[in-house]
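Undergrad: Before I ask anything, here is the structure I am working with.
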Amino acid sequence: MLKFLVNSKYFNIALSISYVLAIVVLIAMLGFGFPIEYKVYVNIFFIALLCIGVLRTVLKYVHRKEKIMPRVIVFDIISILFILYCISIQLGYYSFFFVSKYLQIAIILKLIRELATPKLNFKRSVITPPQLFIFSFIILVFGGACLLMLPKATNHPINFLDALFTATSAVCVTGLTVVDTYEAYTPIGHFIIIVLIQAGGLGILTFAGYIAYFFKGNSSYENQIALGSIANNDSLSEVFVFVKKIIYLTFSIELLGAILIYFSLSSYKIGFLDKVFFSLFHSISAFCNAGFSTLPYGLMNKGFIHNYNFQSVLIVLIFLGGIGFPILINLVRYVEYLIRKVFLLIIHKTNDKKNWVFTLSSKVNLITSLSILIISTIILFFEEYYRTLAPHHGFGKFVSATFIAMTPRTAGFNNIDFAQLHFSSILLVILLMWIGASPASTGGGIKTSTFAIGILNFINIARGKPKIEIYKRELNPINIQKAFATMTLSFLVIGIGIFLITKFDNNLHLIDVAFEAFSAYSTVGLSLNLTPHLSDPSKIVVITMMFIGRVSMITILMSFFKKTVSSNYRYPSDDILI
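Those letters in the sequence shown? Residues 266 to 843, per my numbering, in order.
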């Protein structure tokens with residue numbers, strides 16, 4: 266009987282069906298609500314499923330022959346104890362006519378454990394990594410749209426197109442909305458949005474790949490290639506190490522950001538749990554460069570427009586989320602190196618060995634990001650000193666100017682009405698949106714490295730140099746090709762988007778449409794108050810642009826064309842008149 270619970274094929278199939286049914290019941294219960302008489306059966310079903318799951322986990326350790334990893338043992342012990350505690354709370358303190366939050370959390374934890382290790386074998390002959398990446402976002406977008414349509418997720422019914430728009434904006438970490446996030450969605454809807462932001466910011470396959478690796482401890486060669494392609498890491502031996510660092514860094518920074526935001530709300534009369542959720546929501550939204558806010562009118566809310574501590578935390582989170590994970594990892598290594606160096610000096614030892622390296626990519630992106638931020642802050646400070654910055658004084662003007670310069674870097678928060686900006690400032694913001702964040706980050710745009718390569722190439726052409734040299738390194742020609750392909754494709758998509766929106770809504774001003782198009786493609790989320798007034802066809806255009814901007818046009822092209830295996834031949838060279 267015990268072996269049957271572990272090894273029976275039919276029992277495993279029945280259990281898998283039960284887990285899927287549990288997911289459906291959870292969604293239905295949270296989204297629609299259940300009549301009280303049905304909750305008795307839900308409790309019995311959940312408790313029975315949890316007991317069978319706990320027993321099956323224990324039996325797996327008895328009958329399993331392969332090596333078991335210590336981290337999985339620790340996780341299973343803690344999860345079993347927690348599940349048993351939740352069951353005891355449900356049986357001891359709650360009626361069977363009420364499904365407690367403890368039992369819901371326990372069933373979610375068990376579902377994660379059981380569904381985290383599917384036997385999924387990725388084969389490049391069937392689907393390529395770019396196609397897998399695109400499909401994962403499509404599934405996430407439409408799944409999120411369906412969840413946002415649930416009655417308990419909204420304060421009033423919304424149509425599917427508006428739900429799809431919000432889901433796409435959240436998954437693509439954009440922030441454009443056709444309905445007010447505060448008014449339209451309930452706390453459950455806000456929770457769904459922040460989950461979509463987190464999953465979209467890092468990529469659902471990044472989570473899935475690491476969770477599967479956490480429990481299995483290994484992965485097939487094909488799966489490693491796929492995850493390496495998605496995580497922008499060509500070293501197969503370091504793929505999961507890199508993904509682990511991304512996840513740990515993200516959660517650590519978001520948690521620290523949430524704590525700082527929590528303390529910046531000390532003067533507000535908000536309940537403890539509401540304050541915690543508010544802090545987590547805005548920390549995740551800022552680090553993922555999403556731009557969503559649960560405040561009425563966003564950060565233009567009267568109670569927060571002068572909260573410079575809150576805005577300063579968001580500025581730092583936006584910057585860290587936008588500079589890219591390779592740079593973050595480099596910075597962490599550098600801090601570790603400095604701490605070790607200071608410690609060795611204190612104990613009078615010397616160690617000249619460097620175990621940190623600032624790569625060429627990190628140097629270029631970090632310097633470009635800081636330069637753009639400083640220059641744009643200075644320009645906007647003087648341009649808007651007597652205009653949109655007029656309500657602020659002293660240090661507040663500087664923080665607000667920095668925030669205005671930072672948020673177009675694909676963050677999308679608005680502490681001012683961008684429609685009130687000087688026309689020259691609007692043009693600068695469009696440029697900042699187009700440039701966007703750094704590669705391998707949560708932000709969009711053409712990326713700072715692409716912009717830097719473009720500038721360096723212009724200078725080299727003017728100087729008559731045939732190659733780009735920087736920091737005593739010659740740049741690989743393929744990087745230059747990708748940079749200019751990225752810029753060209755961005756203008757192509759944005760141009761088509763502007764053409765279509767002006768065709769469907771010919772009463773709109775061109776500058777407003779252009780601002781919206783750049784914001785959508787670069788996954789920024791800023792608007793000149795145009796988004797809620799778009800017609801349905803224009804909404805579809807913006808949805809498409811947000812999606813293309815998040816997955817990148819190059820990735821979409823790569824998904825259609827077969828990669829060249831070898832090009833070890835050369836044709837005679839010739840020139841084209843330029």
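We put the beta carbon where it would ideally sit given N, CA and C, even for glycine.
(1) Evaluate E781 with the Cβ neighbour count: other Cβ atoms within 10 Å of its Cβ, from every protein chain shown; 16 or more gives buried, anything less gives exposed.
(2) Applying the 10 Å Cβ sphere with the 16-neighbour rule, what's the burial state of Q576?
(3) Going by the CB atoms, is the gap between G814 and G677 shorter than 7 angstroms?
(4) Measure the beta-carbon distance from M811 to T439 and round it to whole angstroms, keeping in mind my assumption that it falls under 8 angstroms.
(5) Output needed for I681: all residues of its chain with C-beta closer than 6 angstroms, excluding positions within five of it in sequence on either side, in chain order.
(6) Cα-Cα, which of G760, I841 and S824 is closest to V806?
(7) Y450 bridges to which residues according to DSSP?
(8) Buried or exposed: where does M671 fall if 16 or more other Cβ atoms within 10 Å of its Cβ makes it buried?
(9) Can you round the beta-carbon distance between S634 and T713 to whole angstroms, since I take them to be within the 8 angstroms contact cut?
(10) Contact defined as beta carbons within less than 8 angstroms: I believe I700 pairs with I691. What is the distance between those atoms, to the nearest angstrom?
(11) Can you look up I726 in the DSSP assignment and give me helix, strand or coil?
(12) Decide if R674 is buried, meaning its Cβ has at least 16 other Cβ atoms within 10 Å, or exposed.
(13) Out of curiosity, what's the CA-to-CA distance linking P452 and G762?
(14) Under a Cβ-count criterion, where at least 16 other Cβ atoms within 10 Å of its own Cβ denotes burial, should E519 be classed as buried or exposed?
(15) Helix, strand or coil for I735 per DSSP?
(16) To the nearest angstrom, how far is the alpha carbon of A313 from that of R605?
(17) Cutting at 6 angstroms between CB atoms, please list the residues of its own chain near T751, excluding the five before and the five after it.
(18) Measuring straight from C-alpha to C-alpha, what distance separates V307 and V290?
(19) When we look at the beta-carbon of K567 and count the other beta-carbons within 10 Å, is it buried (16 or more) or exposed?
(20) Output the boundary residues of the alpha helix (DSSP H) element that contains A435.
(21) DSSP three-state label for K534, please.
(22) Using DSSP with H/G/I as helix, E/B as strand and the rest coil, what is L793?
(23) With DSSP collapsed to three states, give me the class of F557.
(24) Measuring straight from C-alpha to C-alpha, what distance separates P591 and L631?
(25) From what residue to what residue does the alpha helix (DSSP H) around R336 run?
(26) How about I695 and F783: do their beta carbons lie closer than 7 angstroms?
(27) Quick one: which unbroken alpha helix (DSSP H) runs of 4-plus residues sit fully inside the stretch 578 to 655? Chain order, please.
(28) Nearest to K768 by CA position, among L799, I743, S689 and L842, is which residue?
(29) By alpha-carbon positions, which one of L773, F402 and A293 ends up nearest to L415?
(30) Classify V339: buried if its beta carbon has 16 or more other beta carbons within 10 angstroms, exposed otherwise.
(31) Tell me, to the nearest whole angstrom, how far the beta carbon of C437 is from that of G454; I am working on the premise that it is less than 8 angstroms.
TA: On the basis of the supplied data:
(1) buried
(2) buried
(3) no
(4) 5 angstroms
(5) T653
(6) G760
(7) T419
(8) buried
(9) 5 angstroms
(10) No, I700 and I691 are not in contact; Cβ-Cβ is about 15 angstroms, not under 8 angstroms.
(11) helix
(12) buried
(13) 33 angstroms
(14) buried
(15) Here DSSP, grouped into helix, strand and coil, assigns I735 to strand.
(16) Between the C-alpha atoms of A313 and R605 there is a straight-line separation of about 52 angstroms.
(17) I711 and T715
(18) 8 angstroms
(19) Answer is exposed; the Cβ neighbour count stays below 16.
(20) F425 to V436
(21) coil
(22) coil
(23) Taken through DSSP and simplified to helix, strand or coil, F557 comes out as coil.
(24) Going by the C-alpha atoms only, they are around 11 angstroms apart.
(25) P335 to Y358
(26) Going by C-beta atoms, I695 is nearer than 7 angstroms to F783.
(27) 590 to 611 and 625 to 648
(28) L799
(29) It is A293.
(30) exposed
(31) In fact, because the Cβ distance is near 18 angstroms, the residues do not count as touching under 8 angstroms.
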